[in-house]
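A.B. asks:
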Amino acid sequence: MRLTRRQFLMLGAAVLASPPFSAAATAQPVSQVPVLLYRDIRHRSADPACVPPPVFAAQMERLYSSGYRAISFADLPGLNAEAAQRSLILSFDGGYVSFMTHAFPLLSQYGFKANVNIIGRYTGTFAARYDPRLSWDECRTLAQSGLIEIGCQPAGMLPAQKAMPPSRATATMNERLSEELSAFQNTFRQEMGSRALILAWPQDTYDRLSIEIAKNAGFRYLLGSEFRHGAISRDVSGMPRLRPGREQDLAMFEQLLEKKP
Amino acid sequence: MNLLDRGNLALQRGDYQEAINIFKRVLDGRKDPKAFVGYGLAQDRLGDSAAARWAFYQALERDPKNAEALEQIRRIEKAPRRAGRTVRRPASVFRAVRSNLEILDGTWKRFFVKGVNIGLGLPGFFPGEFAIKTGTYRKWFDQIADMGANAVRVYTILPPGFYEALAAFNGSGRNLYLFQEIWTELPDRGDFEDGRFTEELQLEIRSAVDVIYGEAELPERPGHAHGAYTHDVSRWLAAFIVGREWESWAVRAFNDLKGRTNGDLSGSFLALRDGTPFERWIARTCDYVQEYEHRTFGLTHPVTAVNWPTLDPLVHPSESTYEQEARLQGTWPEGEVAPFDENSEDTESLDMAKISAIRGSGVFALYHAYPYYPDFMNNDYLGRPNGYLAYLQQLKLHHGDQPVLIAEFGVPTSRESAHWDRQGWQHGGHTEIDQGRINALLMSSIHEAGMAGGIIFSWFDEWFKKNWLFVPVQLPAERKPFWFNFQDPEQNYGLLAAYPGYPDKTVHLAGRAEDWTAATTLYRKTDKALAFRFDDGFDEARRLVQLSVHHDEGFLYVLLITAGPIDFANARYLIGLDTCSSEGGERLLPFGVNFHSPVGLTHLIELSGRHDSRILTASSYDRYLNEGSGEVRPAASDQGAWVMMQNKTNMRRISKDGTRFYPARVATMSRLRFGSLDRRHADYNSLADFFVDRNRIELRIPWGLMNVTDPSSRTVLWMDPNGATRSTPGIRVIAVSYKPGPGGTAAPTSGPSRHTDCFPGRPVPEQVRQYVWKGWETPVYHTYLKDSYLEARKMFHDLPEGA
Numbered sequence: 001m002r003l004t005r006r007q008f009l010m011l012g013a014a015v016l017a018s019p020p021f022s023a024a025a026t027a028q029p030v031s032q033v034p035v036l037l038y039r040d041i042r043h044r045s046a047d048p049a050c051v052p053p054p055v056f057a058a059q060m061e062r063l064y065s066s067g068y069r070a071i072s073f074a075d076l077p078g079l080n081a082e083a084a085q086r087s088l089i090l091s092f093d094g095g096y097v098s099f100m101t102h103a104f105p106l107l108s109q110y111g112f113k114a115n116v117n118i119i120g121r122y123t124g125t126f127a128a129r130y131d132p133r134l135s136w137d138e139c140r141t142l143a144q145s146g147l148i149e150i151g152c153q154p155a156g157m158l159p160a161q162k163a164m165p166p167s168r169a170t171a172t173m174n175e176r177l178s179e180e181l182s183a184f185q186n187t188f189r190q191e192m193g194s195r196a197l198i199l200a201w202p203q204d205t206y207d208r209l210s211i212e213i214a215k216n217a218g219f220r221y222l223l224g225s226e227f228r229h230g231a232i233s234r235d236v237s238g239m240p241r242l243r244p245g246r247e248q249d250l251a252m253f254e255q256l257l258e259k260k261p
Numbered sequence: 001m002n003l004l005d006r007g008n009l010a011l012q013r014g015d016y017q018e019a020i021n022i023f024k025r026v027l028d029g030r031k032d033p034k035a036f037v038g039y040g041l042a043q044d045r046l047g048d049s050a051a052a053r054w055a056f057y058q059a060l061e062r063d064p065k066n067a068e069a070l071e072q073i074r075r076i077e078k079a080p081r082r083a084g085r086t087v088r089r090p091a092s093v094f095r096a097v098r099s100n101l102e103i104l105d106g107t108w109k110r111f112f113v114k115g116v117n118i119g120l121g122l123p124g125f126f127p128g129e130f131a132i133k134t135g136t137y138r139k140w141f142d143q144i145a146d147m148g149a150n151a152v153r154v155y156t157i158l159p160p161g162f163y164e165a166l167a168a169f170n171g172s173g174r175n176l177y178l179f180q181e182i183w184t185e186l187p188d189r190g191d192f193e194d195g196r197f198t199e200e201l202q203l204e205i206r207s208a209v210d211v212i213y214g215e216a217e218l219p220e221r222p223g224h225a226h227g228a229y230t231h232d233v234s235r236w237l238a239a240f241i242v243g244r245e246w247e248s249w250a251v252r253a254f255n256d257l258k259g260r261t262n263g264d265l266s267g268s269f270l271a272l273r274d275g276t277p278f279e280r281w282i283a284r285t286c287d288y289v290q291e292y293e294h295r296t297f298g299l300t301h302p303v304t305a306v307n308w309p310t311l312d313p314l315v316h317p318s319e320s321t322y323e324q325e326a327r328l329q330g331t332w333p334e335g336e337v338a339p340f341d342e343n344s345e346d347t348e349s350l351d352m353a354k355i356s357a358i359r360g361s362g363v364f365a366l367y368h369a370y371p372y373y374p375d376f377m378n379n380d381y382l383g384r385p386n387g388y389l390a391y392l393q394q395l396k397l398h399h400g401d402q403p404v405l406i407a408e409f410g411v412p413t414s415r416e417s418a419h420w421d422r423q424g425w426q427h428g429g430h431t432e433i434d435q436g437r438i439n440a441l442l443m444s445s446i447h448e449a450g451m452a453g454g455i456i457f458s459w460f461d462e463w464f465k466k467n468w469l470f471v472p473v474q475l476p477a478e479r480k481p482f483w484f485n486f487q488d489p490e491q492n493y494g495l496l497a498a499y500p501g502y503p504d505k506t507v508h509l510a511g512r513a514e515d516w517t518a519a520t521t522l523y524r525k526t527d528k529a530l531a532f533r534f535d536d537g538f539d540e541a542r543r544l545v546q547l548s549v550h551h552d553e554g555f556l557y558v559l560l561i562t563a564g565p566i567d568f569a570n571a572r573y574l575i576g577l578d579t580c581s582s583e584g585g586e587r588l589l590p591f592g593v594n595f596h597s598p599v600g601l602t603h604l605i606e607l608s609g610r611h612d613s614r615i616l617t618a619s620s621y622d623r624y625l626n627e628g629s630g631e632v633r634p635a636a637s638d639q640g641a642w643v644m645m646q647n648k649t650n651m652r653r654i655s656k657d658g659t660r661f662y663p664a665r666v667a668t669m670s671r672l673r674f675g676s677l678d679r680r681h682a683d684y685n686s687l688a689d690f691f692v693d694r695n696r697i698e699l700r701i702p703w704g705l706m707n708v709t710d711p712s713s714r715t716v717l718w719m720d721p722n723g724a725t726r727s728t729p730g731i732r733v734i735a736v737s738y739k740p741g742p743g744g745t746a747a748p749t750s751g752p753s754r755h756t757d758c759f760p761g762r763p764v765p766e767q768v769r770q771y772v773w774k775g776w777e778t779p780v781y782h783t784y785l786k787d788s789y790l791e792a793r794k795m796f797h798d799l800p801e802g803a
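Listed in order, the protein sequences are those of chains F and Y. Everything in the first sequence is counted per our numbering, starting at 1 for the first residue and increasing by one. Everything in the second sequence is counted per our numbering, starting at 1 for the first residue and increasing by one.
1) Report the option in Y:F111, Y:P721 and Y:K139 whose CA atom is closest to the CA atom of A151 of chain Y.
2) Using a Cβ-Cβ cut-off of less than 7 Å, list which residues of the stretch 75-103 of chain F approach chain Y; keep chain order.
3) Kindly indicate which three-state DSSP category G428 of chain Y falls into: helix, strand or coil?
4) Determine the direct distance from the alpha carbon of Q639 of chain Y to that of D249 of chain F, and round the result to whole angstroms.
5) Spatial neighbours of E164 of chain Y within its chain, please: C-beta separation below 6 Å, excluding the five flanking residues on both sides.
6) Please compile the residues from chain Y whose C-beta is within a distance smaller than 7 Å of the C-beta of T141 of chain F.
7) I need the DSSP call for G156 of chain F, collapsed to helix, strand or coil.
8) Helix, strand or coil for N117 of chain F? Go by DSSP, reduced to three states.
9) Should G592 of chain Y go down as buried or exposed, given a rule of 16 or more other Cβ atoms within 10 Å for buried?
10) Whole angstroms are fine: how far does the CA of L616 of chain Y sit from the CA of L604 of chain Y?
11) How far does the beta strand (DSSP E) with I701 of chain Y in it reach, from first residue to last?
12) Nearest-angstrom Cα distance between L405 of chain Y and H797 of chain Y?
13) Assign N626 of chain Y to one of two classes, buried (16 or more other C-beta atoms within 10 Å of its C-beta) or exposed (fewer than that).
14) Which of helix, strand or coil does DSSP assign to F555 of chain Y?
15) Let me confirm a value: E766 of chain Y is counted as buried when at least 16 other C-beta atoms fall within 10 Å, else exposed. Which label applies?
16) Buried or exposed: H782 of chain Y, going by 16 or more other Cβ atoms within 10 Å of its Cβ?
17) Taking P202 of chain F as the query, report the chain Y residues whose CB atoms sit under 9 Å from its CB, ordered along the chain.
18) Identify which residue in Y:C286, Y:F568, Y:L299 and Y:S320 has its Cα closest to the Cα of V306 of chain Y.
19) List the residues of chain F whose Cβ lies closer than 8 Å to the Cβ of V549 of chain Y, in chain order.
20) In angstroms with no decimal places, state the Cα-to-Cα distance between V315 of chain Y and R660 of chain Y.
21) Quick one: residues in its chain with C-beta nearer than 7 Å to the C-beta of Y684 of chain Y, no 5 flanking neighbours on either side, listed in chain order?
22) With distances taken between CB atoms, is the gap from L542 of chain Y to L530 of chain Y smaller than 9 Å?
23) Let me know the secondary structure DSSP gives C286 of chain Y once reduced to three states.
24) Of all Cβ atoms in chain Y, is any one closer than 9 Å to the Cβ of D40 of chain F?
25) Measuring only the C-alpha atoms, how far is T709 of chain Y from T526 of chain Y?
Spelled out as structure tokens, the structure:
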């Protein structure tokens with residue numbers, strides 16, 4: 001859905017009159033299932049969320065051998081309390097090609113589900129040198145596996161924009177966000193034959209208005225960028241995520257999962 | 001049975017070629033006159049009386065009264081000189097016309113080629129050693145003809161014994177026709193027209209033609225066959241083949257060197273229109289073959305040059321060049337010229353359709369074509385029900401009336417695959433039954449596409465060969481023929497298996513106690529103690545009684561015996577291996593067992609069920625995951641950092657126009673297949689890794705899967721700035737059992753560790769046993785016809801040769 005500028009301003013006013021953001025984001029917890037955030041999987045990177053391949057593989061094996069199962073958002077409603085104890089959600093932001101060579105093969109072996117959140121404008125291209133991103137062909141291959149759900153990561157909220165002054169930046173970004181998400185859903189529908197349900201906020205730049213814009217664009221599960229344990233609520237508007245360490249410390253990794261909100 | 005007895009058994013059974021290796025292995029250890037006699041008898045039976053005579057004299061040097069040696073020498077020296085000549089001036093019986101090769105049998109008839117390629121690399125030998133004896137070729141020709149094949153192809157000039165065997169076989173009333181390749185290395189400076197290179201190649205061509213007519217006396221040259229060639233096999237020659245799978249970088253360099261100007265060529269027998277410099281060189285070389293044959297013997301045979309999809313004349317839209325891809329993926333700096341990369345598969349062409357016959361027996365096209373390589377064999381034809389057939393049809397359409405022979409096709413029976421195929425015809429990972437089924441489907445496609453025939457790759461398993469994926473883990477390279485890597489597809493293409501052990505497999509995964517009589521028992525427990533009892537009726541399944549280890553040229557075998565019947569629902573096992581015997585390795589076992597191994601481990605075998613068992617490695621010792629890090633060695637860890645082992649079989653590809661992406665493919669190596677190697681068993685599976693029989697679990701682990709880079713010299717992978725390998729004194733082994741709880745993790749016990757039993761009983765470093773084996777310089781093996789041979793026989797018999 002593409003919003004006109006007038007509709008956008010009306011939506012903004014409605015959101016400002018609604019209950020505070022924090023309350024909406026944490027209403028009605030239904031599950032303690034943790035959400036893990038990964039980005040690129042490679043040996044050397046300045047990105048703290050980038051994990052070296054042996055570390056990632058060992059973390060997945062640890063999940064498997066500890067009895068964890070990675071599920072999708074769609075699995076949440078049918079999850080009983082016991083199963084929820086050993087369930088988690090894996091999310092991969094940025095749409096890095098390394099997902100294809102270092103994550104997907106392992107997830108397939110373990111039967112782990114995951115969501116991969118791509119940046120629309122980088123799809124099938126690269127963000128910088130040595131930084132190729134997944135193409136739509138690869139996204140279709142992943143989706144056809146039945147294990148992987150493709151979601152969106154809005155490019156307008158990537159670090160380059162974050163350097164701008166917060167108040168103006170947010171307003172400007174939200175305005176652009178509406179257009180971007182609308183365009184993303186259109187392309188997504190053409191390429192994947194359905195609409196995307198998952199949106200992953202890249203930085204702490206979203207607000208209540210951003211959330212409403214995303215919901216209006218058809219996104220159902222909004223993944224936050226706060227790195228803490230959090231309950232997944234029915235509202236699923238800004239689920240906090242856990243960022244596993246890039247160092248080989250599997251005891252800490254397991255402790256991270258076992259912490260309760 | 002000791003080695004000498006096995007050698008004598010091989011003699012009794014007529015396995016003379018195998019006997020040579022067995023006696024040689026004995027002689028590697030001690031110069032036993034009996035072994036020399038056995039070695040001499042094997043050589044003699046295979047037709048090499050010179051080698052036999054030498055061996056008998058060696059026996060006499062050590063035992064001057066050795067009656068057998070004396071008798072054999074007397075017999076050999078009295079025997080009339082064999083060989084003689086089979087000189088028959090034949091009519092030229094083959095020609096290449098109208099899409100087919102034709103044979104003159106009263107009238108010209110279509111000859112649909114149903115062939116098999118014969119290599120040279122017997123276990124223990126490189127091809128240039130020409131270890132295959134005359135008698136072995138005779139035996140093989142019988143088996144190949146029984147299979148319904150009508151042709152064999154060889155890659156280079158072979159020793160005289162091959163042609164003698166072929167003449168004798170064909171003289172017996174059956175016929176196998178020959179495709180004789182004339183092999184060449186690449187020119188030193190990239191110039192195929194270099195004077196010295198041309199001179200050497202033309203000499204090789206003349207030699208090959210002379211050899212075929214039994215008119216050659218070739219001098220000794222390293223890596224080349226030599227001797228007196230006196231048997232005329234020209235009557236059974238189907239064609240001459242020039243060259244090799246030309247590397248596209250070499251073709252590109254030569255075309256660049258010659259300014260990329262196209263031109264025509266008119267030779268004595270062949271003409272070329274609008275050919276690239278390389279195509280002109282090919283045409284000139286093929287023309288020289290026929291010109292020399294005609295000048296010398298008054299005849300010609302059809303001629304061709306080796307080609308493959310990499311150089312085919314088709315355009316493959318799904319495959320951009322390495323440079324294009326690098327730019328599209330952002331991995332190449334703008335403005336820089338990329339060096340040519342061998343991963344570029346569609347940049348140069350060799351179009352044999354441009355070459356036509358002026359006179360003589362004609363010219364045809366020949367391709368080595370496999371369904372899984374290059375990637376465009378899949379990616380160009382994703383919408384087609386049979387991509388391989390679609391490719392062949394496109395190829396045939398290009399060549400029009402020119403005959404096209406598919407001179408290599410097939411799938412290997414290795415444990416791993418080196419290339420994905422969307423139809424499941426991948427580059428390895430096939431059972432012997434599936435190999436036969438898929439080879440038949442490929443041959444059927446070749447026939448349906450209107451090709452002139454197909455030649456299966458290959459007749460027998462060659463241990464010296466190396467697939468690109470496994471090159472870095474088969475070191476030292478010069479020792480590769482000494483061991484069998486079941487992991488490596490290139491070593492497993494044969495219809496005739498060359499498999500470790502003699503007279504049969506060392507371990508059959510069939511619950512046979514006799515398989516383990518020569519094994520080393522590392523642990524045996526007689527008391528009924530357990531680390532923890534659940535009293536749930538399954539404690540005996542979790543009580544470990546014995547662990548034995550055995551090995552051969554291909555595998556490490558492990559036998560685990562428990563007190564009660566194996567029941568994976570209630571008892572699971574972890575077997576830890578430390579192949580490096582180093583201070584490093586992983587100590588914490590997974591599945592919540594919370595057991596710390598007394599020694600660091602490189603690998604861990606998880607036995608959880610028929611379909612769920614795996615072999616893992618320490619994350620620091622996984623080659624794929626640590627690629628690019630500069631180090632692959634077992635770092636000391638108590639984290640439980642285990643990982644599944646994988647291979648990247650296909651790199652990511654991008655179409656020429658940059659709009660289509662073909663994902664990279666990664667395959668796991670960690671899954672253990674349940675089954676038996678006994679063909680009569682209901683669970684027969686030639687790829688089986690383990691078997692369960694009552695209270696026994698038998699495992700067959702390929703050396704290559706454990707990063708053992710050469711078991712014959714006890715060398716293991718150890719990549720760091722100082723090198724790639726190190727030697728190991730042996731393999732340390734531990735084992736634990738546990739009761740599976742919810743989610744497959746270990747059920748709680750009364751203590752911090754949740755194991756129920758373990759080897760060693762007292763888990764301290766001093767108690768950990770090590771399996772030590774002796775290296776070897778000569779491998780012992782046996783041969784057997786794979787199930788695929790039977791399938792090939794059915795397929796060949798069903799396909800008409802003529803019409």
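Even glycine gets a Cβ: it sits at the ideal position worked out from N, Cα and C. These numbers come from a predicted model, not from an experiment.
C.D. replies: Let's see:
1) Here the question's residue 151 of chain Y lines up with position 151 in the second sequence. Considering only alpha carbons, the answer is Y:F111.
2) Per Cβ criterion, the list reads R86, V97, M100 and T101.
3) As a first step, residue 428 of chain Y must be located in the second sequence, where it is residue number 428. Strand.
4) For the purposes of this step, residue 249 of chain F is taken as residue 249 along the first sequence, with counting starting at 1. For the purposes of this step, residue 639 of chain Y is taken as residue 639 along the second sequence, with counting starting at 1. Between the alpha carbons of D249 of chain F and Q639 of chain Y lies a gap of roughly 7 Å.
5) Residue numbering aside, residue 164 of chain Y sits at position 164 when the second sequence is read from its first letter. Here the set comprises T134 and H231.
6) On the first sequence, position 141 is the one that residue 141 of chain F refers to. Within chain Y, the residues near T141 of chain F are P663.
7) Translated into positions along the first sequence, residue 156 of chain F becomes position 156. It is helical.
8) Numbered from 1 along the first sequence, position 117 holds the residue referred to as residue 117 of chain F. Three-state DSSP puts N117 of chain F in a strand.
9) Position 592 of the second sequence, counted from the first residue, corresponds to residue 592 of chain Y. Buried.
10) Counting from 1 along the second sequence, the entry for residue 604 of chain Y is found at position 604. Counting from 1 along the second sequence, the entry for residue 616 of chain Y is found at position 616. Cα to Cα, L604 of chain Y sits roughly 5 Å from L616 of chain Y.
11) Within the second sequence, numbered from 1, the residue matching residue 701 of chain Y stands at position 701. Its beta strand (DSSP E) spans residues R696 to P702.
12) Mapped onto the second sequence, residue 405 of chain Y falls at position 405. Mapped onto the second sequence, residue 797 of chain Y falls at position 797. Taking the straight line from one Cα to the other gives about 19 Å.
13) The residue you call residue 626 of chain Y lines up with position 626 of the second sequence. Counting Cβ neighbours within 10 Å, N626 of chain Y comes out buried, since at least 16 surround it.
14) For the purposes of this step, residue 555 of chain Y is taken as the residue at position 555 of the second sequence. Strand.
15) Against the second sequence, residue 766 of chain Y aligns to sequence position 766. Of the residues assessed, E766 of chain Y falls on the exposed side of the cut-off, its CB having fewer than 16 other CB atoms within 10 angstroms.
16) As a position in the second sequence, residue 782 of chain Y is number 782, starting the count at 1. With 16 or more other Cβ atoms within 10 Å, it is buried.
17) What you label residue 202 of chain F is simply residue 202 of the first sequence in a count that begins at 1. The contacting residues do not exist; P202 of chain F stays about 20 Å from chain Y at best.
18) The residue given as residue 306 of chain Y occupies position 306 in the second sequence. That would be Y:C286, whose Cα lies nearest to the Cα of V306 of chain Y.
19) Here residue 549 of chain Y refers to the residue found at position 549 when the second sequence is read from its first residue. Within chain F, no residue comes near V549 of chain Y; the closest Cβ sits about 25 Å away, beyond 8 Å.
20) Counting from 1 along the second sequence, the entry for residue 315 of chain Y is found at position 315. Counting from 1 along the second sequence, the entry for residue 660 of chain Y is found at position 660. Cα to Cα, V315 of chain Y sits roughly 16 Å from R660 of chain Y.
21) Numbered from 1 along the second sequence, position 684 holds the residue referred to as residue 684 of chain Y. Around Y684 of chain Y: G675, S676 and D678.
22) For the purposes of this step, residue 542 of chain Y is taken as the residue at position 542 of the second sequence. For the purposes of this step, residue 530 of chain Y is taken as the residue at position 530 of the second sequence. This sequence places Arg at residue 542 of chain Y; Leu is not what is there. Taking 9 Å as the cut-off, the beta carbon of R542 of chain Y is found closer than this to the beta carbon of L530 of chain Y.
23) Here the question's residue 286 of chain Y lines up with position 286 in the second sequence. C286 of chain Y: helix per DSSP, three-state reduction.
24) On the first sequence, position 40 is the one that residue 40 of chain F refers to. For D40 of chain F, the answer is no, since every Cβ of chain Y falls outside 9 Å of its Cβ.
25) Here residue 709 of chain Y is taken as the residue at index 709 of the second sequence, counted from 1. Here residue 526 of chain Y is taken as the residue at index 526 of the second sequence, counted from 1. Each residue's alpha carbon lies about 37 Å from the other.
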